[in-house]
Amino acid sequence: MEELEERYSDENIETKLFKIYKDLSKPSLTQVDDHILRSCLLMQSNRNYYGNYSEDDRNTFIASMLESAGYLVKDQTRRSRTETGKSAGEIDILIQDSEYYPISIIEALNLESVNRSYIITHINKIFTYDANGLSDNYILVYANVKKFGVFYKNYLDFVEAHDFEYPLVDLRQDSVLQYTEIRKFTIVYNRNEKKVNMHHVLINLSDSGG
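Following my numbering, the numbering of the sequence shown begins with 8 at its first residue and continues without gaps.
Here is the structure:
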């Protein structure tokens, strides 16, 4: 609060209070993270989304849940350049605050195995489309696999070892998330001397369990 008061110290009292209120009303990154995880858990509780279900329809569910939480959400938005740098392309979900400032990009993919080229393509899409250098972006993996625990380890090992566009600084597995069928880890990259986070959320949506 003191920081906000200092920031708007030159404003008259009404303008100052209004701007402080607007800043305090903006969702924190912790709230965004909680809402994304809650959306994933709600989808996982609905058996209709299991098995060979459409990636686009799963994304629409996530986007709808985030909209109901009060975010501005653009699903498959045309934004920034494509991987080749030639023209605008599509990202799966762009989350914005009430003033249309971007908060996070979500890129999602259906996986039945650790398909390396497919994973690389989707992660590179975030690096390519994130023209602003957002502090927190998300990869959602809709996993239709028989052994989810083994799949999670193999996926994590691959993403940690692969040489992406920005240098890897750290990898943190989420020890707070107490579920067996949804896992989360975060890779921290150095992007132009600033740390940015890419959160990977893996959701077991297999009919066979495991």
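From the three backbone atoms N, C-alpha and C, an ideal C-beta is built for every residue, glycine too.
Item, Value
"Local conformation of residue 103 per DSSP, three classes", "strand"
"According to DSSP, residues forming a beta bridge with residue 224", "The first residue shown for the chain is 8 and the last is 217, placing residue 224 beyond what the model contains."
"Residue 37 to residue 137 span [Cα, whole Å]", "20 Å"
"CA-to-CA distance, residue 64 to residue 172, given in whole angstroms", "30 Å"
"At least 3 beta-carbon pairs within less than 8 Å: the stretch 199-212 vs the stretch 179-191", "yes"
"Distance, residue 207 Cα to residue 50 Cα", "16 Å"
"3-residue-minimum beta strand (DSSP E) runs that sit fully inside the stretch 138-191, ordered along the chain", "143-150 and 175-180"
"Sequence-distant residues of its chain with Cβ nearer than 6 Å to residue 203 (five each side left out)", "142 and 196"
"Residue 148 and residue 120 closer than 8 Å at C-beta", "no"
"Residue environment, residue 183, which counts as buried when at least 16 other CB atoms sit within 10 Å", "exposed"
"Own chain, CB closer than 6 Å to residue 6, minus 5 neighbours either side, in chain order", "There is no way to answer for residue 6, as the model of the chain reaches only from 8 to 217."
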